[in-house]
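In full-length UniProt numbering, the protein residues as written are 1 to 384.
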């Protein structure tokens, strides 16, 4: 009788243990999009979970406390995992802030299909047109407002000098790519697209790759040879996207030394105080509603080598001045930052943010086409 009772108790304990392991596995692999990703998540989480279980710390998922690390040496079974756990913590600490993935950012792979035909781009998102009205806090150069977050002092004399990069008779001249290619928009019609929580998707109908396609078409129509790299450098992993896109830029420059201009096309994200999305718009007479654009320019203020950052900034100022002359509300203030955003690769590099996550794809595409036309006009004028 006692033997049977013990056997039943063992079976129940085994079932509880199996259920617990199953629940933990589901928890650890949440967000994984395939079997390989799930296995890597289990492999990554298991040593830490075992250690936390031994320390009575299973409720925490944000790393090991100092007492836990001290107790690790008293856990012979888990001692071999100390190196891996230490590496994970060090990688998180050393990862650049602007490379760290936001929560729930994993894009969802979907088949690309023709965009649905809609009556317009009214997606119900709150719209704003952002125009600076007070020069305080800006460097103002002609029509261009520059938000300078570096330690450098900017002068109009330097900013208005001719930029260095020029069109030549060789081909190709322009490279378009996307460090964060899965950055997406908000369509007016939901035809089943699955968002991953913060408007990211691999479906090019709804992400910034579509904007690169539109720009490439405009450049080609203007007679400027262009390459469009449609690689999603932030998929399947967001962290390290700029390193991967820089490797792509280097490959293209090596294969096509004629490239003079590199456009890294992104989109911004703006939220209202209640957490809802906000879109930025510019009414274009005779064409409709376009998203507003931003130019984000880098420097060597962060300590990384970027000796020619002023050349890129001069180009940005020139194209923004041209765009604002033709479309007074199309461009938001230019932002100069300490990070270099891979712009050290050429003297004709720009990071272009086309709208925000709240903009409809149609609004962003119109903006992308207008910007490409203004850039082409600026480059052709420079080459005369």
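Here a beta-carbon is modelled for each residue, glycine too, at the ideal position from N, C-alpha and C. Quick caveat: nothing in here was measured; it's all calculated off a predicted structure.
Determine which residues share a DSSP beta bridge with residue i and list them.
i: residue 237; result: Answer is none; residue 237 lacks a bridge partner.
i: residue 200; result: 183
i: residue 218; result: DSSP output for residue 218 lists no bridge partner at all.
i: residue 384; result: Bridge partners of residue 384: none, in fact.
i: residue 279; result: 127
i: residue 351; result: 264 and 296
i: residue 335; result: 147 and 296
i: residue 284; result: 288
i: residue 140; result: 145
i: residue 271; result: 277
i: residue 207; result: 184
i: residue 356; result: 268
The beta strand (DSSP E) with residue i in it runs from where to where?
i: residue 147; result: 144 to 148
i: residue 133; result: Element bounds for residue 133: n/a, residue is neither H nor E.
i: residue 228; result: 226 to 228
i: residue 176; result: 174 to 177
i: residue 301; result: Counting along the chain, residue 301 falls outside any beta strand (DSSP E), and DSSP gives it neither H nor E.
i: residue 165; result: Run containing residue 165: none; DSSP gives neither H nor E here.
i: residue 289; result: 288 to 291
Among the residues of its own chain, which have a CB less than 6 Å from the CB of residue i, if the five just before and after it don't count?
i: residue 260; result: 165, 173 and 348
i: residue 277; result: 125, 357 and 358
i: residue 256; result: 172
i: residue 335; result: 147 and 296
i: residue 142; result: 321
i: residue 149; result: 337
i: residue 199; result: 184 and 357
i: residue 393; result: Absent from the model: residue 393. The displayed extent of the chain is 1 to 384, so no value can be given.
i: residue 313; result: 297
i: residue 378; result: 318, 319 and 322
Within its chain, find whatever has a CB closer than 7 Å to the CB of residue i; leave out the 5 residues flanking it on each side and keep chain order.
i: residue 374; result: 319, 322, 323 and 326
i: residue 206; result: 184, 185, 187, 193 and 361
i: residue 123; result: 186, 187, 188 and 360
i: residue 16; result: Confidence at residue 16 is low in this model, with a pLDDT of 49, below 50, so its placement is unreliable and no value can be given for it.
i: residue 80; result: Low local confidence applies: a pLDDT of 43 at residue 80 is under 50, so the model's placement there is unreliable, and no value is given.
i: residue 253; result: 259 and 345
i: residue 365; result: 210, 211 and 214
i: residue 219; result: 174, 226, 372 and 376
i: residue 274; result: none
i: residue 289; result: 121, 281, 283 and 363
i: residue 287; result: 366
Just curious, the alpha helix (DSSP H) that residue i is in, first and last residue?
i: residue 320; result: 309 to 326
i: residue 263; result: Run containing residue 263: none in the alpha helix (DSSP H); it sits in the beta strand (DSSP E), 261 to 268.
i: residue 159; result: 156 to 159
Hey, residue i and residue j are a contact pair by Cβ (cut 8 Å); roughly how many whole angstroms apart?
i: residue 350; j: residue 163; result: With 8 Å as the limit, residue 350 and residue 163 do not qualify as a contact, their Cβ atoms being about 11 Å apart.
i: residue 360; j: residue 121; result: 4 Å
i: residue 281; j: residue 291; result: 6 Å
i: residue 233; j: residue 248; result: 7 Å
i: residue 353; j: residue 230; result: That pair is no contact at about 18 Å.
i: residue 180; j: residue 241; result: 6 Å
i: residue 178; j: residue 308; result: Not confirmed; about 23 Å, so no contact.
i: residue 201; j: residue 182; result: 6 Å
By Cβ distance below 8 Å, which residues in the same chain neighbour residue i in space, the five residues on each side in sequence not counted?
i: residue 112; result: Any reading at residue 112 must be qualified, since the residue scores a pLDDT of 37, below 50, and its modelled position is unreliable; no value is offered.
i: residue 306; result: 298, 299, 300, 340, 343 and 344
i: residue 145; result: 132, 135, 138, 139, 333 and 334
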